[in-house]
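Scroll down for the structure; my scribbles are underneath it.
Chains as they are written, first to last, in our numbering: chain G, 1 to 325; chain R, 1 to 325.
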């Protein structure tokens, strides 16, 4: 596990450092408050998965120019949605740090989110490629609707697996998919290659979100940077819970629903939930589905000849499954 | 006055009806809640000034194709910022109707604002013209920063005229300017013509905001659709107040500041403010400056031969000065 992590990091250090610089250089706010708020969310330990994937996907398609500036689009977009989502979810802590809206106020969080979205689009426009801009705009539509969908179904214990998949696809996977697709478009790859990288990104994104959702029930809180069970306290039912509810017999299902509907449940209640998720297979089912998605993601890379970059994309897929990247 | 209004309306009816249909057709949400919230803000009596200007500017540059779909960009963008700004300003009523966030909740207002922004950008991307998309993305950056700037200086009685102009330029004028510029770009107009229409739009936008700011002190509340003095109660100092403060002698200035800093001022206090704005010329100064901007806007149209469309653009400029369009 740690070996895999090390193998990945040793090969992405130079890219990560380029991305980090580009994120600073391209922010360009004219107000100090915008800069401070944006940096609060941008430079608080994000792993740069999305820009990194874009750079690697451009590279595997033979792109020779520098893709780093374009890759910042995906981190700015991601940061914009985090600012708005934390506000919508009434979150308190992200990555062990108080959320931006609690430090700078709700209004600033809304408007700096808008600014980051606009920066992402300005940089997209600079590519001069309408097809790239279409992908970015489409992602933004999807993400806002995915978040609204989640919001509308907050606390609903009848959320289905299909609906869950639709939500996480829009909320999380389309951005990762888009990063991979834009990498291919930038390199001028043929459509079948772009489609393969889209497939890789979509499945990686779905698995990534499932792994994240699992962490809420299986992680070490100090490593996670927030308390366990936070999703459920916010009324977010994720696959481990959804599947368990569908498999638990009547009285256990009722017991679970009772706990879920009380969003101030005790630690003991939470233990009970975890026990049921293990007993009725919610954890295992989610792990298996994430694992299947990763297999699909890796299979989509079969169009490429073996290379350093292909190995890296494969390793990243394996790693995404095992822990929060 | 009413004659001018009638002359304008009789000539724009067909365009307005096309714009209205296009605003319905291009919204394309997959969630009912998104549709409802977006329609709450989109179809509540907006006058469609921005899309109309885009259509007219394309037409005056000889554009033969249908510009209506592209023009929706500017109403969607406008609606997106209204949703977020009403939230940021803690507004209660807009155009005589409860604001969207009070009906659908803050979270929905944030996310539907994001969706409308994204729709605007998707439609921009469909034009296939990166220069159009650059204008749109730039406008979005400016608007978010203009609003943050205003927020940062909320309640500040030392706000200068220069700062006020910078704020209204970003908050309001750049969008109207952008609508005019994009009309020209769409028509493939040469840069000097596009620059003239930009100049027209910028100055019209500035005058439009000044006229709007004046209404807060001079309008009939039932016509305005909200109570007078609302800007000041929100801590927004606008030109009539800024100029009056700069001209009032010491004790009157202190008296004014005292009223302004109490955002729950009485009707009598408000009367006192109005008296001072008349006495020290704040109303007159703002009216004059708006009038100058309209002159500049109309002068910018001198590059065009006389035509129906030119007359209409001139009439719209005159009308913007006289009342809320």
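Glycine is no exception: its CB is placed at the ideal position from the N, C-alpha and C atoms.
On a predicted model such as this, the values are computed, not experimentally measured, just so you know.
For residue i, three-class secondary structure by DSSP
i	result
residue 93/R	strand
residue 306/R	coil
residue 98/G	strand
residue 44/R	coil
residue 29/G	coil
residue 227/R	coil
residue 286/R	helix
residue 57/R	helix
residue 11/R	helix
residue 325/G	A caution first: residue 325/G carries a pLDDT of 41, below 50, which makes its placement in the model unreliable, though a value can still be read off. Coil.
residue 67/R	coil
residue 157/G	coil
residue 238/R	coil
residue 106/R	helix
residue 74/G	helix
residue 249/R	coil
residue 208/R	helix
residue 127/R	coil
residue 265/R	coil
residue 164/G	helix
residue 189/G	coil
residue 217/G	helix
residue 319/G	helix
residue 183/R	helix
residue 62/G	coil
residue 138/G	helix
residue 172/R	helix
Contact under 7 angstroms by Cβ, residue i with residue j
i	j	result
residue 30/G	residue 145/R	yes
residue 312/R	residue 11/R	yes
residue 111/R	residue 38/R	no
residue 337/G	residue 41/G	Summary: the structure shown does not reach residue 337/G, with chain G confined to residues 1 through 325, and so no result is reported for it.
residue 182/G	residue 276/G	no
residue 8/G	residue 319/G	yes
residue 333/R	residue 67/R	Nothing about residue 333/R can be reported from this structure: the residues present for chain R run from 1 to 325 only.
residue 317/R	residue 297/R	yes
residue 304/R	residue 19/R	no
residue 62/G	residue 195/G	no
residue 159/G	residue 228/G	no
residue 75/G	residue 23/G	yes
residue 154/G	residue 235/G	yes
residue 310/G	residue 301/G	yes
Residue i classed as buried or exposed, judged by whether at least 16 other C-beta atoms fall within 10 angstroms
i	result
residue 101/G	buried
residue 128/R	exposed
residue 58/G	buried
residue 308/G	exposed
residue 299/G	exposed
residue 15/G	buried
residue 17/R	exposed
residue 223/G	exposed
residue 192/R	exposed
residue 261/G	exposed
residue 130/G	buried
Expected contact under 8 angstroms - CB spacing of residue i and residue j to nearest Å
i	j	result
residue 169/G	residue 197/G	No, residue 169/G and residue 197/G are not in contact; Cβ-Cβ is about 17 angstroms, not under 8 angstroms.
residue 123/R	residue 157/R	In fact, because the Cβ distance is near 42 angstroms, the residues do not count as touching under 8 angstroms.
residue 103/R	residue 185/R	Contact doesn't hold; Cβ gap of about 37 angstroms is too wide.
residue 118/G	residue 141/R	4 angstroms
residue 137/G	residue 77/R	Residue 137/G to residue 77/R, Cβ: 12 angstroms. No contact.
residue 286/R	residue 220/R	That belief does not hold up - the Cβ atoms of residue 286/R and residue 220/R are roughly 18 angstroms apart, past 8 angstroms.
Beta-carbon neighbours of residue i, restricted to chain C and to distances below 8 angstroms
i	result
residue 156/G	Looking at the structure shown, chain C is missing, and the protein chains on hand are G and R.
Quiz prompt | Meets three-Cβ-pair contact criterion under 8 angstroms: the region 150–161 of chain G and the region 175–193 of chain G | solution = no
Quiz item: Are three or more beta carbon pairs between the region 103–120 of chain R and the region 87–103 of chain G nearer than 8 angstroms?
Solution: yes
Quiz item: Are the region 164–176 of chain G and the region 201–216 of chain G touching by the rule of at least three beta carbon pairs closer than 8 angstroms?
Solution: Using a Cβ-Cβ distance cut-off of 8 angstroms, the region 164–176 of chain G and the region 201–216 of chain G are in contact, since at least three pairs of beta carbons, one from each stretch, lie closer than that value.
Quiz item: How do the region 90–98 of chain R and the region 41–56 of chain R stand: do at least 3 beta-carbon pairs fall below 8 angstroms, yes or no?
Solution: The region 90–98 of chain R makes contact with the region 41–56 of chain R; the number of CB pairs closer than 8 angstroms reaches 3 or more.
Exercise. Could you say if the region 46–64 of chain R and the region 158–169 of chain R meet the contact criterion of at least three C-beta pairs nearer than 8 angstroms?
Key: no
Self-check item: Contact between the region 239–256 of chain G and the region 276–292 of chain G (3+ Cβ pairs under 8 angstroms)
Solution: Yes, the region 239–256 of chain G is in contact with the region 276–292 of chain G.
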